[in-house]
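>
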Amino acid sequence: RIGSATSLSSAIVNTRLQELVRLFKERTEKVKEKLIDPDVTSDEESPVASALAAPVPAPEGELERDKTSGGDHYCEMLCCTFKHRPWLDRLKSYQFPSSIDPLTNLVYVLWLFFVVMAWNWNCWLIPVRWAFPYQTPANIHYWLLVDYLCDLIYLLDILVFQTRLQFVQGGDIITDKKAMKENYLRSQRFKMDVLCLLPLDFFYFKVGVNPLLRFPRCLKYMAFFEFNDRLEAILTKAYIYRVIRTTAYLLYSLHVNSCLYYWASAYEGLGSTTWVYDGEGNSYIRCYYWAVKTLITIGGLPDPKTLFEIVFQLLNYFTGVFAFSVMIGQMRDVVGAATAGQTYYRSCMDSTIKYMNFYKIPKTVQNRVKTWYEYTWHSQGMLDESELLVQLPDKMRLDIAIDVNYNIVSKVALFQGCDRQMIFDMLKRLRSVVYLPNDYVCKKGEIGREMYIIQAGQVQVLGGPDGKSVLVTLKAGSVFGEISLLAAGGGNRRTANVIAHGFANLFILEKKDLNEILVHYPESQKLLRKKAKKMLKSNNKPKDEKGGPGDPLIIPPKADTPKLFKAALAATGRMGGKGPLGRLRWRLKELKAMQ
Numbered sequence: 001r002i003g004s005a006t007s008l009s010s011a012i013v014n015t016r017l018q019e020l021v022r023l024f025k026e027r028t029e030k031v032k033e034k035l036i037d038p039d040v041t042s043d044e045e046s047p048v049a050s051a052l053a054a055p056v057p058a059p060e061g062e063l064e065r066d067k068t069s070g071g072d073h074y075c076e077m078l079c080c081t082f083k084h085r086p087w088l089d090r091l092k093s094y095q096f097p098s099s100i101d102p103l104t105n106l107v108y109v110l111w112l113f114f115v116v117m118a119w120n121w122n123c124w125l126i127p128v129r130w131a132f133p134y135q136t137p138a139n140i141h142y143w144l145l146v147d148y149l150c151d152l153i154y155l156l157d158i159l160v161f162q163t164r165l166q167f168v169q170g171g172d173i174i175t176d177k178k179a180m181k182e183n184y185l186r187s188q189r190f191k192m193d194v195l196c197l198l199p200l201d202f203f204y205f206k207v208g209v210n211p212l213l214r215f216p217r218c219l220k221y222m223a224f225f226e227f228n229d230r231l232e233a234i235l236t237k238a239y240i241y242r243v244i245r246t247t248a249y250l251l252y253s254l255h256v257n258s259c260l261y262y263w264a265s266a267y268e269g270l271g272s273t274t275w276v277y278d279g280e281g282n283s284y285i286r287c288y289y290w291a292v293k294t295l296i297t298i299g300g301l302p303d304p305k306t307l308f309e310i311v312f313q314l315l316n317y318f319t320g321v322f323a324f325s326v327m328i329g330q331m332r333d334v335v336g337a338a339t340a341g342q343t344y345y346r347s348c349m350d351s352t353i354k355y356m357n358f359y360k361i362p363k364t365v366q367n368r369v370k371t372w373y374e375y376t377w378h379s380q381g382m383l384d385e386s387e388l389l390v391q392l393p394d395k396m397r398l399d400i401a402i403d404v405n406y407n408i409v410s411k412v413a414l415f416q417g418c419d420r421q422m423i424f425d426m427l428k429r430l431r432s433v434v435y436l437p438n439d440y441v442c443k444k445g446e447i448g449r450e451m452y453i454i455q456a457g458q459v460q461v462l463g464g465p466d467g468k469s470v471l472v473t474l475k476a477g478s479v480f481g482e483i484s485l486l487a488a489g490g491g492n493r494r495t496a497n498v499i500a501h502g503f504a505n506l507f508i509l510e511k512k513d514l515n516e517i518l519v520h521y522p523e524s525q526k527l528l529r530k531k532a533k534k535m536l537k538s539n540n541k542p543k544d545e546k547g548g549p550g551d552p553l554i555i556p557p558k559a560d561t562p563k564l565f566k567a568a569l570a571a572t573g574r575m576g577g578k579g580p581l582g583r584l585r586w587r588l589k590e591l592k593a594m595q
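To convert, note that position 490 of the sequence shown is 490 in full-length UniProt numbering; the numbers rise steadily by one, no gaps.
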């Protein structure tokens, strides 16, 4: 009994030692691979400890003491205990970045939003407070509170953010604090920022709180245009923001005109003539209504009476015609840019339909072509992805191809173990093709020169005696036809029909593209050819070597030569080989020698 226990314990120890040896071997291989290719990252930083080194769980009392004695904080919720850091500690440990990338930093875009809000406060409300009697001694402290809050945002933008913006000099991104500050101080932006913060508010003590003294605050327009550029770069549908911005331009021009009309009415005297505002109802709404009718030249306005009213109205008409035409042109450009892709799609489809009608293509074919156009456009938003990517540098095209296609291609058994750079080069050669329902992807008997990767949809492999039985259905991520890429002798023939089950989007890799890539990777080429031969042997190997008596023969055996014909040939040979039979016998011998 003691001997059996000893042998059992020794077997367990040997098993665990073998496990440790296997783990260390895997670790060694990963380190070796990382030395060969520095881009490869290891999944495990250290070998997993075996059960022999498993830590002994501490008693509950010690665990509680560790919890309370340590500097960690815990929060009990329901039946669980969560570890967390106090928000005050997180706030204290936060460090403001020493440099800010203005092109990609979303925090900077958010800050520009607050700066633009402060700028809009000044641009919209300074004319209102100057023209309309909305600023009174009773509410003056509220107006001044928001005014100086906007001034504080302006000041923080100058001192904290603008002096930390990175810039490009000689192709290098400059992140040095002193260089960034000097670059901002030399820029036109700094001059405008200082000008917009001129302390004209000190004149309040002499002339009173006049909102026109804050007019320089409207000169911070460069932040508004920068915010537009940054926001359009991160929005997926930037044209919606452009339409909103153009509409805001129109509304602001009407807003300023309504303020000027109220000022002119107050200058002439409210209700003094039929042309001026009569002082009834909501003053801003009434004046805004008058501004809309004037700038859009609707008509129906009372005729001006005095010279001042005539000149004011003429300037309004001229400004209205100019501003309205500019707004319409800008809106047309915005809508045209937003629908440029749709216009291109319609023009291509119309040209194709015109071509098919000219050559009298059958309606069934025309309907399938129209369906392809509509599905391709609605599924991917463009007709040809290569037209979009051709404008990008080669490195950026590779980055996009890796993000889109690498996960699918890396799962192909044929390419596992190959040079990773070869796979990257191959990703750029993939071509996207859309197949309609019941379209043949490939037919039985044709030469295979492409490999297919299913991006979306499904395809069915057909076979059986009638060639219409569904053998298997392949879904997204599946690969077929990969052996034909490396088959010698012009490519192997397809052994089954493959049709699209519904709409299917496939990636295609052609044989010539792969051959051009493998020229630069001879080791991968050898590996791929070995794998292709192994796959061909496994696919061509019969399931039953002996075969049953009733198994149908794919190629029937050659029939024997009739006995009468053999006797005639033998007699001809004895006669010296003359006559047509002799010549036939000589021809048969020659063919046999060639074979």
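Think of the CB as a built atom: it goes at the ideal place given N, C-alpha and C, for glycine as much as any other residue. This structure is a prediction, so every number in the text was calculated from the model and none was measured.
Who are T473's beta bridge partners in DSSP?
Q460.
> Give the DSSP-derived three-state secondary structure of G300 in the structure shown.
Coil at G300, not helix or strand.
> Compare the Cα-Cα distances from T495 to each of V276, V243, K30 and L471 and report the closest residue.
Selected option, being the one with the closest Cα: L471.
> Measuring CB to CB, does I483 end up less than 8 Å from M426?
No; because the gap between Cβ atoms is not below 8 Å, this pair is not in contact.
> Going by alpha carbons, who is nearest to Y108 out of M422, Q169 and R230?
For Y108, the nearest C-alpha among the options comes from R230.
> Roughly how many whole angstroms lie between the Cα atoms of L389 and R397?
Whole-angstrom Cα-Cα distance: 6 Å.
> I need the straight-line Cα distance from V458 to W377, nearest angstrom please.
The identity of residue 458 in the sequence shown is Gln, whereas the question assumes Val. Going by the C-alpha atoms only, they are around 19 Å apart.
> Would you report the Cα separation of T306 and N183, rounded to the nearest angstrom?
C-alpha separation (whole angstroms): 55 Å.
> So, do the stretch 229-245 and the stretch 139-155 have three or more beta carbon pairs nearer to each other than 8 Å?
With the cut-off at 8 Å, the stretch 229-245 and the stretch 139-155 do not touch.
> Output the boundary residues of the alpha helix (DSSP H) element that contains F161.
From DSSP, F161 is part of no alpha helix (DSSP H); its letter is neither H nor E.
> Give the C-beta separation of R189 and P97 to the nearest angstrom, bearing in mind that I take them to be a contact with Cβ-Cβ under 8 Å.
Not confirmed; about 20 Å, so no contact.
> Pull up the CB-CB distance for W119 and F224, whole angstroms please, since I reckon it's below 8 Å.
Correct: roughly 6 Å between the Cβ atoms.
> Put F205 into one of helix, strand or coil per three-state DSSP.
The answer is helix: DSSP assigns F205 an H, G or I state.
> Which whole-angstrom value describes the C-beta separation of A138 and C259, a residue pair presumed to lie in contact below a C-beta threshold of 8 Å?
With a Cβ gap of about 22 Å, A138 and C259 do not count as contacting.
> Between the C-alpha atoms of F424 and L528, what's the straight-line distance to the nearest angstrom?
Computed Cα separation, rounded: 16 Å.
> Does the Cβ of D399 have 16 or more other Cβ atoms within 10 Å, making it buried, or fewer, making it exposed?
Classification of D399: exposed, given that the 10 Å Cβ count is below 16.
> Relative to the alpha-carbon of F324, which residue among V292, E309, A340 and C348 has its alpha-carbon at the smallest distance?
Ranking the options by Cα distance to F324, first place goes to V292.
> Do L254 and L295 have their C-beta atoms within less than 8 Å of each other?
Yes, these two residues count as a Cβ contact at 8 Å.
> Taking DSSP as the reference, what is the three-state secondary structure of L383?
L383: coil per DSSP, three-state reduction.
> Under a three-way DSSP split, which group does Y241 fall into?
It is helical.
> Mapping DSSP to helix, strand and coil, what is V412?
Three-state result, V412: coil.
> Is D172 buried or exposed, if buried means 16 or more other CB atoms sit within 10 Å of its CB?
By the neighbour-count rule (16 or more Cβ atoms within 10 Å), D172 is not buried but exposed.
> Suppose you measure from the CA of G381 to the CA of G341; what does that come to, to the nearest Å?
Cα to Cα, G381 sits roughly 8 Å from G341.
> Can you tell me the Cα-Cα spacing of I310 and C287, whole angstroms?
The alpha-carbon atoms of I310 and C287 are separated by roughly 17 Å.
> Would L219 and M192 qualify as a contact pair, given that the criterion is a beta-carbon distance under 8 Å?
Against a cut-off of 8 Å, the Cβ pair of M192 and L219 comes out as a contact.
> Straight-line CA distance for Y221 to D333?
Answer to the nearest angstrom: the Cα atoms are 22 Å apart.
> For the stretch 274-300, which segments carrying the beta strand (DSSP E) assignment without a break, of at least 3 residues, lie completely within its bounds, in sequence order?
None, since the stretch 274-300 contains no complete beta strand (DSSP E) of that length.
> Return yes when at least one heavy atom of the ligand MN lies under 7 Å from the C-beta of K534, else no.
As presented, the structure is devoid of all ligands, the ligand MN included, so that no description of it is given.
> Alpha carbon to alpha carbon, how far is V276 from A264? Give it in angstroms, no decimals.
Each residue's Cα considered, the two are about 8 Å apart.
> CA-CA distance, V479 and L392?
Approximately 28 Å, taken between the alpha carbons.
> Give me, in chain order, the residues of the same chain whose beta-carbon lies closer than 7 Å to that of E226; leave out the 5 immediate sequence neighbours on both sides.
Cβ neighbours of E226 beyond the five flanking positions: L112.
> Suppose you measure from the CA of M327 to the CA of T339; what does that come to, to the nearest Å?
Their Cα atoms are separated by approximately 18 Å.
> Give a yes or no on whether the C-beta atoms belonging to Y373 and M356 are separated by under 8 Å.
No; because the gap between Cβ atoms is not below 8 Å, this pair is not in contact.
> Given a cut-off of 8 Å on the beta-carbon distance, is the pair Q460 and H520 in contact?
Their beta carbons are not under 8 Å apart, which means Q460 does not touch H520 by this criterion.
> By Cβ distance below 7 Å, which residues in the same chain neighbour I402 in space, the five residues on each side in sequence not counted?
Correct list, in chain order: F424 and L427.
> Is the separation between the beta-carbon of F114 and that of I158 shorter than 8 Å?
No, these two residues do not count as a Cβ contact at 8 Å.
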